[in-house]
Amino acid sequence: MGYVWAGYGITLASLAAYAVWLLRRARSLDRRAR
Amino acid sequence: MKRSTTSSGLTISLGIAAAVALAATVTLGLTLPRTVEQAEYSRLIAIHPGIAWTAYTAAVVTALASLLWLLPRTRRPSWDLLAGASAELAALFTALMLVTGSIWGRPTWGVWWVWDARLTLSALMLALLLGYLAIRRVPAEPEVRAKRSAMTALLAVLVVPVNHFAVTWWRTLHQDRSLDLTPEDSLDGAFLGAMALGFLAMTLVYAWLCVHRFRVARLEEAREEAFLADAIEERRREAEAFST
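Those protein sequence lines, which keep their order, are chains A and B.
Numbers in my numbering are just positions in the first sequence, counted from 1, shifted up by 24.
Numbers in my numbering are just positions in the second sequence, counted from 1, shifted up by 631.
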């Protein structure tokens, strides 16, 4: 089951990390624009 | 709470739908029954084909947006921004396709990697997408950069259909297509349902991320323009001060 958990874990962690980076970047650019 | 300019009612709804679909995919995928051939490893079917589909979709969106930028009648700066946003996601999903495929291959094939047609073309697809993103970062006039990127995208997308049919055209270690939509399709109903949900979830996640990435790209462009305008104004003032 370790491989299955690894597959799901890496996928979810990568998507979550990218989404967080994107939202933080948006907030930072938005703040500078104001 | 102050709302970010990259979110709206529609994107919030899209984000909630993506999160719900992804949670359902994970729950259904992890509770799929063990199979005789692959034991519990077949549970990866809920995410791996959906990730691959999304990688292809993102690459095709990049190519279509590039084509729309190249055609004089439909040329808008937003097509170039959409192409760049979608390409970044295509690279992310292609990398995930390679990683989850490799994790699935290790217990079922006995190897992490093999240079067969499907895997090699997937690696080539990732290299082309990274090359495209590198080209976008080369300093140039926006028009020149957009043209250069659009032509690269149209060449890079050619790998998508070849990669899709690679398992049919060549003998590969990778199995044939997971879904062929024929009455002879041998996939069990539970696996078919989990895979279909995975397709939907990954597509919704891609759509949500793409909308946000596009808006971030627009904010980045506006910042660059403001920076350039400030620099020009500063030089103009310097020149005026020097002449008086």
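Even glycine gets a Cβ: it sits at the ideal position worked out from N, Cα and C.
Review point. Can you give, in chain order, each stretch of the alpha helix (DSSP H) that sits fully within the segment 667 to 728 of chain B and has at least 4 residues?
Key: Fully enclosed alpha helix (DSSP H) runs of 4 or longer: 679 to 701.
Exercise for review: Compare the Cα-Cα distances from Val791/B to each of Gly820/B, Thr693/B and Ile863/B and report the closest residue.
Suggested key: Here residue 791/B is taken as the residue at index 160 of the second sequence, counted from 1. The shortest C-alpha separation from Val791/B is found at Thr693/B.
Practice item. Please look up how many angstroms separate the CB atoms of Leu760/B and Ala721/B, rounded, as I've assumed it's under 8 angstroms. Key: If you number the second sequence from 1, residue 760/B lands on position 129. If you number the second sequence from 1, residue 721/B lands on position 90. Rounded, the Cβ-Cβ distance is 5 angstroms, consistent with contact.
Practice item. Kindly give me the distance between the Cβ atoms of Leu53/A and Val847/B, rounded to whole angstroms, as I take these residues to be in contact under 8 angstroms. Key: By 1-based counting over the first sequence, the position of residue 53/A is 29. By 1-based counting over the second sequence, the position of residue 847/B is 216. Correct: roughly 7 angstroms between the Cβ atoms.
Practice item. Taking the CB atoms as reference points, tell me whether Tyr27/A and Leu723/B lie closer together than 8 angstroms. Key: Reading the first sequence from its first residue, position 3 is the one you call residue 27/A. Reading the second sequence from its first residue, position 92 is the one you call residue 723/B. The Cβ atoms of Tyr27/A and Leu723/B lie no closer than 8 angstroms to each other.
Review point. Roughly how many whole angstroms lie between the Cα atoms of Lys633/B and Arg51/A?
Key: Your numbering for residue 633/B matches position 2 in the second sequence. Your numbering for residue 51/A matches position 27 in the first sequence. Low per-residue confidence applies at Lys633/B: pLDDT is 48, beneath 50, and the placement is therefore not dependable enough to give any value.
Point to revise | Residue-chain proximity (Leu760/B, chain A), Cβ-Cβ < 8 angstroms | key: Against the second sequence, residue 760/B aligns to sequence position 129. Put simply, the CB of Leu760/B is far from chain A, with every gap to its CB atoms at 8 angstroms or more.
Review point. Roughly how many angstroms lie between the CA atoms of Ala787/B and Glu871/B, to the nearest whole one?
Key: What you label residue 787/B is simply residue 156 of the second sequence in a count that begins at 1. What you label residue 871/B is simply residue 240 of the second sequence in a count that begins at 1. In a straight line, the C-alpha of Ala787/B is about 49 angstroms away from that of Glu871/B.
Review point. Looking at chain A, which residues of the segment 727 to 746 of chain B have a Cβ within less than 7 angstroms of any of its Cβ atoms?
Key: Considering only beta carbons, the part of the segment 727 to 746 of chain B lying closer than 7 angstroms to chain A consists of Leu727, Val730, Thr731, Ile734, Trp735, Arg737 and Pro738, in chain order.
Review point. Within this structure, are the beta carbons of Trp735/B and Leu645/B separated by less than 8 angstroms?
Key: Here residue 735/B refers to the residue found at position 104 when the second sequence is read from its first residue. Here residue 645/B refers to the residue found at position 14 when the second sequence is read from its first residue. In this structure, the beta-carbon distance from Trp735/B to Leu645/B does not fall below 8 angstroms.
Check your understanding: Going by alpha carbons, who is nearest to Leu757/B out of Ala686/B, Arg779/B, Ala650/B and Phe830/B?
Key -> As a working mapping, residue 757/B is identified with position 126 in the second sequence. Residue Ala686/B is the option with its Cα nearest to Leu757/B.
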